[in-house]
Each structure stands twice: as C-alpha cells, then as structure tokens.
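Numbering-wise (my numbering), the sequence shown opens with residue 1 and increments by one.
C-beta atoms are modelled at their ideal positions from N, C-alpha and C, and glycine is treated no differently.
Given the structure is predicted, the values throughout are model-derived calculations rather than measurements.
Have a look at the structure below, then the notes.
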Amino acid sequence: MAQSRASRVFSRIDRFEHRWCEQINHSAGFPLVRDYFRLISWLGNGWFWYAIILLLPVTYGWWGWKLAALMTATGIACTLLYKVLKTFLVRERPFISFPVIQCVTPPLDRYSFPSGHSLHAVCFNGLLISYLPLLGAAVLPFTISVLASRVILGLHYPSDVLAGGLIGAGFAVLTTVMASGFLQGLS
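Structure representation (structure tokens):
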C-alpha cells in the first residue's frame with residue numbers, strides 16, 4: 001500500500017521532533033511531575049471546562065447561559081474538526097513511533113495530529129479572555145499546563161500541540177467575531 005503524502009510529511013517531521021519529545025518526556029520520570037501532568041491531562045479531558053461552563057449561568061445569570069451555550073457549541077465544532085483531521089491525517093503518536101518515549105497515561109484516541117486537548121484548551125481560554133478577561137487570565141496557567149502535558153506524557157509531538165493551539169485560537173477568534181451580537185453588553 002502506498003504511503004499517503006501526509007504520512008510521508010509526518011514521517012520526516014517525526015524524525016526531526018522525536019529527540020525533543022524524548023527529552024521532554026524524560027521529565028515524566030519524576031513522580032511529582034508525572035502526577036501533576038496526569039491530573040492536568042485528566043482535567044483537560046473536559047472536566048475542567050465542563051465545570052466552568054456549568055458555573056457560568058450560576059455566576060452570570062442569563063448572560064452566563066448564553067456564554068455557556070456558545071462555549072458548548074464551539075467545543076462541539078472543535079471536536080468534530082479535530083476528529084476529521086485525525087481520521088484523514090493519521091499521524092501515529094510519538095510513543096508508538098518511538099518506543100523509547102514512554103506513554104504515561106492512556107490516550108483518548110489513536111492518532112496524534114492535532115492535539116484535541118490543546119485545541120480545546122486554547123479555544124476555551126481564548127473565549128474566556130474575550131468575554132471574561134480576569135477569569136481567562138486566571139485560567140491561563142491551566143491552559144499552558146495542558147499544552148505541556150501532551151508532550152511530557154508522551155502523547156503528542158510539539159507540532160501536534162502547536163497545530164491544536166493555532167486551530168483553537170482560530171476557533172476562539174472566529175466564534176468571538178461571529179457571536180459579537182449574541183453576548184453584547186455584559187462582557
């Protein structure tokens with residue numbers, strides 16, 4: 001079977017990034033680092049964002065319901081896009097391609113590109129910064145930890161994280177522009 005063009009490109013990038021992944025993944029050998037990033041990864045599976053989305057109506061009333069609905073709809077759109085991309089681009093995870101890289105926590109799906117955790121974290125953080133800047137700033141360290149966790153835990157290449165973050169930022173900007181009238185007045 002012929003190798004797809006995307007697979008050939010990823011194979012070259014993988015060889016370039018694998019040493020970096022290996023060095024970053026080595027930090028997961030320290031129990032405190034490993035446990036912290038496992039927790040961050042688990043929270044980044046959605047739990048952290050679900051909690052924020054559920055608390056928005058409690059804290060901000062009707063406007064909070066609207067922001068929660070906007071974040072939910074955007075999250076669904078992000079999920080659909082990254083699943084389609086992973087299905088067609090088929091990039092193996094670093095721990096599969098390079099057994100020296102330790103998989104520290106089980107992945108949610110098979111393929112690596114783009115990072116769905118990174119996509120959602122940057123998108124949701126971007127939306128919070130757009131509408132609730134103080135909350136968005138407070139959540140930023142969590143988002144950065146989610147991005148770092150993907151490589152530290154051996155689940156993604158740095159380019160997966162970068163691509164996921166860029167797509168998430170694009171979704172946040174697009175959603176903010178498209179929803180400008182929807183949430184007007186209370187940001």
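{"Asked": "Could you say if the region 170 to 183 and the region 65 to 73 meet the contact criterion of at least three C-beta pairs nearer than 8 angstroms?", "Found": "yes"}
{"Asked": "Output yes or no for whether 8 angstroms exceeds the beta carbon distance between Tyr131 and Leu183.", "Found": "yes"}
{"Asked": "What would DSSP say about Tyr157, mapped onto helix, strand or coil?", "Found": "coil"}
{"Asked": "Check whether the region 87 to 105 and the region 125 to 139 touch, using three or more Cβ-Cβ pairs below 8 angstroms as the test.", "Found": "no"}
{"Asked": "Taking the beta carbon of Asp109 as the centre, do at least 16 other beta carbons fall within 10 Å, making it buried, or is it exposed?", "Found": "exposed"}
{"Asked": "Classify Thr87: buried if its beta carbon has 16 or more other beta carbons within 10 angstroms, exposed otherwise.", "Found": "exposed"}
{"Asked": "Examine the Cβ distances between the region 109 to 126 and the region 152 to 170 and report whether three or more of them are shorter than 8 angstroms.", "Found": "yes"}
{"Asked": "Would His156 and Pro94 be called neighbours here (beta carbons separated by less than 8 angstroms)?", "Found": "yes"}
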